[in-house]
Each structure stands twice: as structure tokens, then as C-alpha cells.
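S.K.:
Residue numbers (this note's numbering), protein chains in the order written: chain F, 1 to 583; chain Y, 1 to 454.
(1) Taking the DSSP output, what are the residues bridged to residue 490/Y?
(2) Within its chain, find whatever has a CB closer than 8 Å to the CB of residue 370/Y; leave out the 5 residues flanking it on each side and keep chain order.
(3) At a CB-CB cut-off below 7 Å, which residues of chain F make contact with residue 418/Y?
(4) Please confirm if residue 117/Y has its CB atom under 8 Å from at least one CB of chain F.
(5) Using the C-alpha atoms, what's the distance from residue 321/Y back to residue 389/Y?
(6) Beta-carbon within less than 6 Å of residue 450/F's beta-carbon, same chain only, minus the 5 sequence neighbours each way: which residues are those?
(7) Count the other C-beta atoms from every protein chain shown that fall within 10 angstroms of the C-beta of residue 184/F, then say buried if there are 16 or more, exposed otherwise.
(8) Could you spell out where the alpha helix (DSSP H) holding residue 47/F opens and where it closes?
(9) Residue 286/Y and residue 223/Y: beta carbons closer than 8 Å?
(10) What is the C-beta distance between residue 237/Y and residue 291/Y, in whole angstroms, given that I count them as a contact (C-beta under 8 Å)?
(11) Given a limit of 9 Å on CB to CB distance, which residues of the stretch 312 to 331 of chain Y reach chain F?
(12) How many angstroms separate the CA atom of residue 461/F from the CA atom of residue 316/F?
(13) Starting from the beta carbon of residue 53/F, find every residue of chain Y whose beta carbon is closer than 9 Å, and list them in chain order.
(14) Are residue 585/F and residue 39/F closer than 8 Å when you measure CB to CB?
(15) Would the beta-carbon of residue 266/F fall within 8 Å of that of residue 304/F?
(16) For residue 88/Y, which residues in the same chain have their Cβ closer than 7 Å to its Cβ, ignoring the five residues on either side in sequence?
(17) Quick one: what's residue 45/Y bridged to in DSSP?
(18) So, do the stretch 90 to 98 of chain F and the stretch 28 to 36 of chain F have three or more beta carbon pairs nearer to each other than 8 Å?
(19) Cα-Cα, which of 251/Y, 277/Y and 254/Y is closest to residue 218/Y?
(20) Between residue 62/F and residue 25/Y, is the Cβ-Cβ spacing less than 8 Å?
(21) Put residue 77/Y into one of helix, strand or coil per three-state DSSP.
(22) Relative to the C-alpha of residue 310/F, which candidate in 422/F, 285/F and 345/F has its C-alpha closest?
(23) Within the same chain, show all residues whose beta-carbon is closer than 8 Å to that of residue 294/Y, passing over the 5 residues directly before and after it, in chain order.
(24) Measuring only between beta-carbons, confirm whether residue 255/Y sits less than 8 Å from chain F.
(25) By Cβ distance below 7 Å, which residues in the same chain neighbour residue 78/F in space, the five residues on each side in sequence not counted?
(26) Hey, how far is the Cα of residue 446/Y from the Cα of residue 533/F?
(27) Since residue 177/F contacts residue 169/F with CB under 8 Å, what's their CB separation in whole angstroms?
(28) List the residues of chain Y whose Cβ lies closer than 8 Å to the Cβ of residue 61/F, in chain order.
(29) Considering residue 485/Y, what are the terminal residues of the alpha helix (DSSP H) in which it resides?
(30) If you follow the beta strand (DSSP E) that residue 255/Y is part of, which residue opens it and which one closes it?
(31) Tell me whether residue 449/Y sits in a helix, a strand or coil according to DSSP, three-state version.
(32) Shorter than 8 Å from the beta carbon of residue 213/F to some beta carbon of chain Y?
(33) Straight-line CA distance for residue 356/F to residue 255/Y?
(34) Our contact map puts residue 258/F next to residue 149/F with C-beta atoms below 8 Å; I'd like the distance itself, whole angstroms only.
(35) For residue 247/Y, does the count of other Cβ atoms within 10 angstroms reach 16, so buried, or fall short, so exposed?
(36) So, are the CB atoms of residue 387/Y and residue 403/Y less than 8 Å apart?
As C-alpha cells, then:
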């Protein structure tokens, strides 16, 4: 297909219509030439000889008759060594380099190569010449920070290939030929250290998809114990403004037990990305002892950056995540916030004058969201290694109301729901994940019966609490009152966690098993009190002591002492199930 | 280039369509008719026709009106000569001063590269204890004042403008009552601050399209001052009027409304303005304070709701006071650890005690008996409201902190506040502590934990 060209016929916001001469392709990348600039866009609809494009930049100054260039290529990501530690915009422009080249403001029409073409990588070949291989097979590897970055046969090369030449070990740039492959018809292609892949298509170079069964520890207790996330699973975090979505995402990006974290900041505040951007290089990853930035990649299309590129930023994130998954790594993609992406879809849909669905969102909103979350998953690769992409997306529902279309469409396709509530954040109960409304379909890291016990205690405690509002404390039986106190205790000393305390901020898996094992036992323990005041005082002291325990490093002598103190406190009031004192 | 077109093909609402060639998207034009002249901006190009939003409205425009394209998008003069002047939403002088020409800067320019932003580190002192002590305003912060009609939000803005330690103030008024415009101008003049102020004011009787231009004009000018190293404070009032103007134009253009008639891009439109707040590493900064009146006092209304997702906290102005509970400055922890060592402690303790006081008041209202602890809380609450919350109180941060200790010292014993003993030793007012110790030798045993209110 010869590349088509065209001329601008209409401009409405970032929607530009051009009349074209030859053939065009749906979703291909286009460039509008205006005011001496080349503005990138994407073809989204064809009608007769007219191509409708969304331009990723400000369209001020476009004129009728301006030249349009059709590239023939779908919007693609550049995949290769050097991605980690980068800060990209939604079109994979490296932002720090852009600032160096163009100054403090984002000038439209400037596109820089995502990966350095000068940097040399030390390549070690591993495939054998003459072997028959397929897309996604490993040719060799280069060291990238803490990982062995595998160089893979480009995913777009269909069919079987014979490896006819492989570069010897040595230093190469991403543009140097690294291997030559010949297909059955004898056509030869050259593989390099980097490859391109269209962001809107999932990478499918794996043997099979597996059920997400391995827990992904986030070190947030309420998540791991009560509403767990699995490697290769998906979860969403909806919540009104100020409920702590972004803080929760930031904590997860630091502590999650995965190899690579990709943060896609989509249509949110620039200031929050700046915190990650400036702080991560200084923080050490406890798993590797290296800078956290070495396992992190930030894609940043904040709220004042071009709206049309929000969609691209989310897809860029998931594509890079899939790329690292193909190396047998576990990747976590955090998208903040998917609502802003949905709103971008709504804006474009409105300009296209499509018939609107609920709240003017396009009718295809659900299938687009479903298609995105379905790209998460755990897979067995062709060489039997296991890799996974876990997706966590925040949702910013209008008015904090979960009935709105984006939240509802997301809930249908995710495996866990961490609903943040205004009520809990107002009461400073952080993380403000609502323990009664949230759910998860994945396996918890602690004993299942104990989680069930914790859930029923919380539910029962809430019922008693509601009842007490009517009949008062004096109208409540001591048993009910103790259930209520147990629920409050579980909330205050386990579900709540201090994000700014060095020990309490992150609770590793073994520690959760231990602490929750202790608390679970207490929840099932019959206790005797002389009266409600005594019960209340007991649980106040117990909460205090447990919080002290949560704040001492595991393995220290204080840790053991704190636990012993708790045992002693409980023993004073414990009775066996037939009602006799255990002392 | 400067061809004049005279064939107006369509007039709908404030938008006219004219058949014209070689017109640039967002270009400005001058429309002349029997009614006079007005600026207009191209908002859509379609098959040889240009759609123009006429700033002064279309009333009286004939199909034979002359449309002359100016060859540039919306722009505004920038120089030091702006200081002390006031303009309307088309950037024409509102005062009797001369028109300012040349040295143009374009409005609604590109946003700042996130990689060039820095974590903000400097507080903006306002002299209002509810802000300085409890929800510190930080340079480069964007913060709305959520309020309802009838509350004194404009006097509050004026006071902050007068007292904030900034180099330049840019005031953007949208749908301002003419009286309020005069109030701002006269107050700034009387206090001698007009010389460092630029005013862009759209009054309630001005054409609605001009309302849309005000934030862009104000922020474009602010940005230039900031790039030049100035610390700029931008005051916008009222952003709800801006959103309503967006709604009006969107409906005229037959855009599909999303929520309560507002266009689907309300969030992006608001964010594009608020995100102009910035702290440059080697230059100045822009801080934005914007009044957002909540229709029906409803924070889930699309305008305050979208605003809350964009801004870094909010101040609630209710009953003539800044509410300590809903109000939040998300950036305060960047600065309040380095003001004075007792700042955070005092901030937390006073709010906890005030929350406890509210509970006591509820008990009192329901007719329960008041314990001596309740009485203490009630008298504390009263003093807190009178001496710190009242908007007339005007003292620097350090004095406000001292005052806080004095109020605590006169209402409570040290142990009742739950403050760490190290802080007590250093900051608790000595005279009272001794006097109380003598008057009540058993005070320490009568302790009552504040912890339960936490």
C-alpha cells in the first residue's frame, strides 16, 4: 500500500477531517503539517474520501488545506533495553530529554526517540544458529539494571523462522543487527535489540494463560488479608476525591512484591507524579537494595496535557508491561485514573457526534474497559517460564457515587474491588478501603477460616453499632457489646495502617500471617468482663498495645515482648467456651 | 491575509458562521456591524466555513456584518505596565488608562513539562490562623474556596491578596457583580496593593463569551511574571460562573451534555487552568486560589466535584469562617514540618480538642449532663472560635502558635491534652502551669485522655 496523503477539510477541537487520495488504514498514525510543525494524530473513522483523525496535540493554527501525511503504521511502542527508569509522556516521548531540548514548557510537535540510539548494550547470545524459532523466542540477553533483559524475536513475525545468523557476544546499540531469520519462503529479516508493537493489540506470544492463583503481596494489610490481589489479576480502586486513592497507589508502587512496576498517571495532577519522580530515585528497593527507580517506569500524561493522548498513555503502559512479562517477569501496572481515560473517550465520541450512552459516555465504553483489563493475566511462555501482568486501576467516580458507568463497567471485569469511602477517610481511618463493601475473588495469604471469622465479626459489629445508635449502650447486651468492641479493635489495630510510619507502612507476608493469626484467635476467644466499662478499657489498652506491636521491627526483642504483653492481657479475661475461666 | 468577509451564513446563539478561506483554527477576527465592533474567535472549521464565537454576543449582528481576520490567536500584552491596571474579558482597558499594544504573549499556551516541576517547599503566609496554622497554603498550590452565595468569599480573597507575601497579584473576576469589582479595586487601592496587581474582570452584565477568556488571560500574564522570577498569586472568582459559561456555549454548539448540562470536557477545561499553578526550579511560581460557589451547598455538584479531583485540597467557607474539618491543604506537610517544631503538634491537638468540643455540644443540645471535662471543652471551643477561627483575626503564624498555647494553657492542664512531655516543657505557658499546679494540687490524677477523640 503506497502511503496516502491528504488535505485538511475541517477542524473541531482535536478532531480533524482530511480528504485523502489513496488508501488509508483504521487507527494508523497521521501527521498534520501546520505552522511548520508536524502534529501526530490517529485515524479513528473513515467516511468516503474523508478521514477523521484525533490529533494528540493542540490544534490551534490549523488551516483548511494543510497537508496531512498518513504513516501506514499503527500507534506503536518502542520496546527494548533502557525502558526501565524512564519517564515518558503518553506518546513515549522521554520527558526529561524533552525538557533539555525544548525547555520548561511542552512544545507541540516535538517527538524524540524513546530509547537512546547511542547507548551500547553488552549482548550475550543464547539461541543456537540453525534452530527453528518463533515470535517471542529468546535470542540472547543484555543486562539492564537488576534484570537480564531478554532480546526476543519480534512478536509481529508470524510463523516459523530459521535462525541463520546470530551476532557474537559484544557491545551493540539498539539499531545494530543482532540476528538474521529466514522463513519457509526463504525471505530474510533482521532482528535488532529493540522492536515495535502496536499498543492497542495484546501481545500473544505465549503457550497458555493460567488462572491467577499466586498472591501478590502489597504489604497493605487490609488488601493482602481481606481483599487480596493475585499475580496476573486485576483490581480497581474507586473513591471520591480526598479518600486517598493516589497515596494507596504510591504505597503499592513502592512495596508490591513484583519485578517491575509501571505507573501510568493518566489525566491526574502533575504534582503527584512529581513526588514519585523526585522521590523514587532516592528510595531503595528492600528486595534488591538498589534504587526503586531501576524497577519503575513512569508514563505521565497529566490533566493539562493533551486529552487525546490519555488513551495512548494507558495502552502504552500495558504494552510495556506485556513486553516485560514476555521475559518471565512479574509486572504490576498501576493506572491512575481510568476515569480520565473514559472521559477522553467521551470527549472524542461527542465530537464524532456518536449516539451517547449513559452520562454521555460512548456505548462501547464497557467493551473498551473490558478489553483493557483482560490484557492482565498470568501466562506460561513457550519456554515454560511464567510471567504475569497485574493491573490496578483507580476510578474517580463523579460525586463519589459508585453507580456511575465507569465504576460499573470496571466492576464487571476485575477480580477485586477496593472501594474507598468518604466516611472512613473523614474519620481518618486509612487506608480508607471499606471493609464491608469491598470484595476479592483471589486467595488470601492467611488462613481462610480466620478471614471468614474477621468478616463476620466486622459485619456483626456494624449491626450492633447501628442498633446502639437507637437503643443506646445501656440497651445492648454485654455479648453484643464485646462483638462490637472486637470489630472496632480489628479495624483500629489491623485494617488501619500508618502510611508514614517506617515499620507500620509495610507489613510483609509472614508478619501478616503471624499478627492476623493472633488477632483471629482473639476474635474467636470468649472473654469475660465485669461490665461494659471494663470491656471498653480492655479493648482500648489492647488496641494501644497492638499498635505498639505493629510499630516494632519483627525479630527484635521488643517485638517478642509486645506479643507476650498482649498474651498476658488476654489471659486475664479469657474463658473457655463452656464459660469457665482459663486461669 | 487581512481580507474582509461579509457573508454571514448562520447566526446561532453567540456563534456565527462565515464563508472564508485560509482561516486558522482559534484565529481571532473582528466583527463589525451596526451594533459596533467585537472580537470573535474561530471555534470550528468546516468545508470552507469558519464558525466564530462572538465575544460581545450576536445581538444586532446582520448577515452583512464585516468579518476581518486578524491572523493571530487570542493574545495579551505583557509588560510591567500591566501592574495597577484593570481590563475586561477581551483584554481591553476597563480603567481610563491607555490601550497596551505590542509585546504580545499568547494565552492558553502549552503546559509545563512534569519533569521540570519541583516539590513545593515554601509556605505562603496569609496572617489568617485557620490557613497558616491548620491548612497552610503552599507556593504553587491550587486551592479552591468552596462556598455558597452570601458568604464573604470576596472579602476573604481581598484580604489574602493584601496580606500574602507575594510579588504580583493577578485577579480574575468572572460574572462579578459590578459592586464587587469596585470593592476589589478600591480595597486594593486603599491598602496600596494596586501597584502590584493586574485585574481582569468580567462583570455579570458583560457578554458571556468574555467570561471564558478571563482565566486564560489572568494565567497567561501570571505565567510571564513567574517565568521572570516573580512569585505570583492568582485569585479567581467565581469558577462556577466560568463553568456555567462553558455550559452555555457547549449547548449552543449542540454538544451532547454529560452531567447536569455541563459539557463532557468540564474536567479537562478546569484542569487546563488549574494546572497552570507551578513552581519553577530557577524562576518564580504561580499559586492559585479560586472561589467555587456550590449551587445548593452541594459538594457533589459537577463543578465542585470536578474541582476537588483537580486541586490540592480545598477550603470550606461556611458561616463566615473557614471550617476546620472539611478543609484540607494536601501540600501542608511539605512545609509545616519546618516552620516551628510545635506547629504540627499544636495543629493536631487543637483540632482533636475542637472535635471533642463538638461532641460535648451535641450532648449539651440533647440535654445530657455536662461533666467538668465537657465544661472545659466548651470554653475551649468558644475561645478557639473567637480568637482563632474568626476571619477578623489577623496575626502572623508564630503569634498564632503562641496564642494557641495560651488558649490551651488557660483551658486545660498539660496532661489533658495528650501532648508529648518534651513539647509541654518547652512550650506550655509557664505562668499558668504554675498557677494551676498551686490551685489544684491533685490535677495530675484528674487526667482525662484526649486519645479517645483521636
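Glycine included, each C-beta is placed from N, C-alpha and C at the ideal position.
M.R.: Straight from the coordinates:
(1) Lying outside 1 to 454, the shown extent of chain Y, residue 490/Y is not represented and no answer is given.
(2) Here residue 370/Y corresponds to residue number 370 of the second chain, with the count starting at 1. If we look at residue 370/Y and ignore the five residues flanking it on each side, its Cβ neighbours are 360, 363, 364 and 378.
(3) Position 418 of the second chain, counted from the first residue, corresponds to residue 418/Y. Residues of chain F passing the Cβ test: none, with the nearest at roughly 12 Å.
(4) Here residue 117/Y corresponds to residue number 117 of the second chain, with the count starting at 1. By this cut-off, residue 117/Y is an interface position.
(5) Counting from 1 along the second chain, the entry for residue 389/Y is found at position 389. Counting from 1 along the second chain, the entry for residue 321/Y is found at position 321. Straight-line Cα distance between these residues: approximately 6 Å.
(6) Residue numbering aside, residue 450/F sits at position 450 when the first chain is read from its first letter. Here the set comprises 520.
(7) Taking the first chain and counting its residues from 1, one reaches residue 184/F at position 184. That one is exposed.
(8) As a working note, residue 47/F is residue 47 in the first chain. No alpha helix (DSSP H) contains residue 47/F, which is instead part of the beta strand (DSSP E) from 37 to 47.
(9) Looking up residue 286/Y in the second chain gives position 286. Looking up residue 223/Y in the second chain gives position 223. Their beta carbons are under 8 Å apart, which means residue 286/Y touches residue 223/Y by this criterion.
(10) Walking along the second chain from the start, residue 237/Y turns up at place 237. Walking along the second chain from the start, residue 291/Y turns up at place 291. Sure, about 4 Å apart at Cβ, within 8 Å.
(11) 312, 313, 314, 325, 326, 328, 330 and 331
(12) Along the first chain, read from residue 1 onward, the residue named residue 461/F stands at position 461. Along the first chain, read from residue 1 onward, the residue named residue 316/F stands at position 316. So the two alpha carbons sit approximately 45 Å from each other.
(13) Taking the first chain and counting its residues from 1, one reaches residue 53/F at position 53. What residue 53/F touches in chain Y: nothing, since even the nearest Cβ is about 14 Å away.
(14) The question about residue 585/F has no answer, for chain F in this structure spans 1 to 583.
(15) For this step, residue 266/F is matched to residue 266 along the first chain. For this step, residue 304/F is matched to residue 304 along the first chain. Not closer than 8 Å, so no.
(16) Counting from one through the second chain, the residue named residue 88/Y turns up at place 88. Correct list, in chain order: 94, 201, 202, 206 and 210.
(17) Indexing the second chain from 1 puts residue 45/Y at position 45. Beta-bridge pairing links residue 45/Y to 11/F and 50/Y.
(18) no
(19) Position 218 of the second chain holds residue 218/Y. Nearest C-alpha to residue 218/Y: 277/Y.
(20) Numbered from 1 along the first chain, position 62 holds the residue referred to as residue 62/F. Numbered from 1 along the second chain, position 25 holds the residue referred to as residue 25/Y. Yes; because the gap between Cβ atoms is below 8 Å, this pair is in contact.
(21) For this step, residue 77/Y is matched to residue 77 along the second chain. Three-state DSSP puts residue 77/Y in a strand.
(22) Locating residue 310/F in the first chain gives position 310, where the first residue counts as 1. Closest by alpha carbon: 345/F.
(23) As a working mapping, residue 294/Y is identified with position 294 in the second chain. Contacts found: 146, 147, 148, 240, 301, 303 and 304.
(24) Position 255 of the second chain holds residue 255/Y. Taking Cβ atoms only, chain F reaches closer than 8 Å to residue 255/Y, which makes this a yes.
(25) Numbered from its first residue, the first chain carries residue 78/F at position 78. Cβ neighbours of residue 78/F beyond the five flanking positions: 92, 114, 115, 194 and 196.
(26) Here residue 446/Y corresponds to residue number 446 of the second chain, with the count starting at 1. Here residue 533/F corresponds to residue number 533 of the first chain, with the count starting at 1. For residue 446/Y, the pLDDT reaches just 38, beneath the cut-off of 50, and the residue's location in the model is therefore unreliable, leaving the point undetermined.
(27) Residue numbering aside, residue 177/F sits at position 177 when the first chain is read from its first letter. Residue numbering aside, residue 169/F sits at position 169 when the first chain is read from its first letter. Incorrect: roughly 15 Å between the Cβ atoms, too far for contact.
(28) The residue labelled residue 61/F in the question sits at position 61 within the first chain. In chain order: 24, 25, 26, 27 and 73.
(29) For residue 485/Y there is no data in the structure shown, the boundaries of chain Y being 1 and 454.
(30) Along the second chain, one-based indexing puts residue 255/Y at 255. Element bounds for residue 255/Y: n/a, residue is neither H nor E.
(31) Along the second chain, read from residue 1 onward, the residue named residue 449/Y stands at position 449. Because the pLDDT of residue 449/Y is 39, which lies under 50, any placement of that residue in the model is unreliable, and the question is left without a value.
(32) The residue you call residue 213/F lines up with position 213 of the first chain. So no, residue 213/F is outside the interface.
(33) Within the first chain, numbered from 1, the residue matching residue 356/F stands at position 356. Within the second chain, numbered from 1, the residue matching residue 255/Y stands at position 255. The straight-line gap from Cα to Cα measures roughly 11 Å.
(34) Within the first chain, numbered from 1, the residue matching residue 258/F stands at position 258. Within the first chain, numbered from 1, the residue matching residue 149/F stands at position 149. At roughly 16 Å, the Cβ-Cβ gap does not stay under 8 Å, so residue 258/F and residue 149/F are not in contact.
(35) Within the second chain, residue 247/Y is the residue found at index 247, counting from 1. With 16 or more other Cβ atoms within 10 Å, it is buried.
(36) Translated into the one-based positions of the second chain, residue 387/Y becomes position 387. Translated into the one-based positions of the second chain, residue 403/Y becomes position 403. Yes, they are a contact pair.
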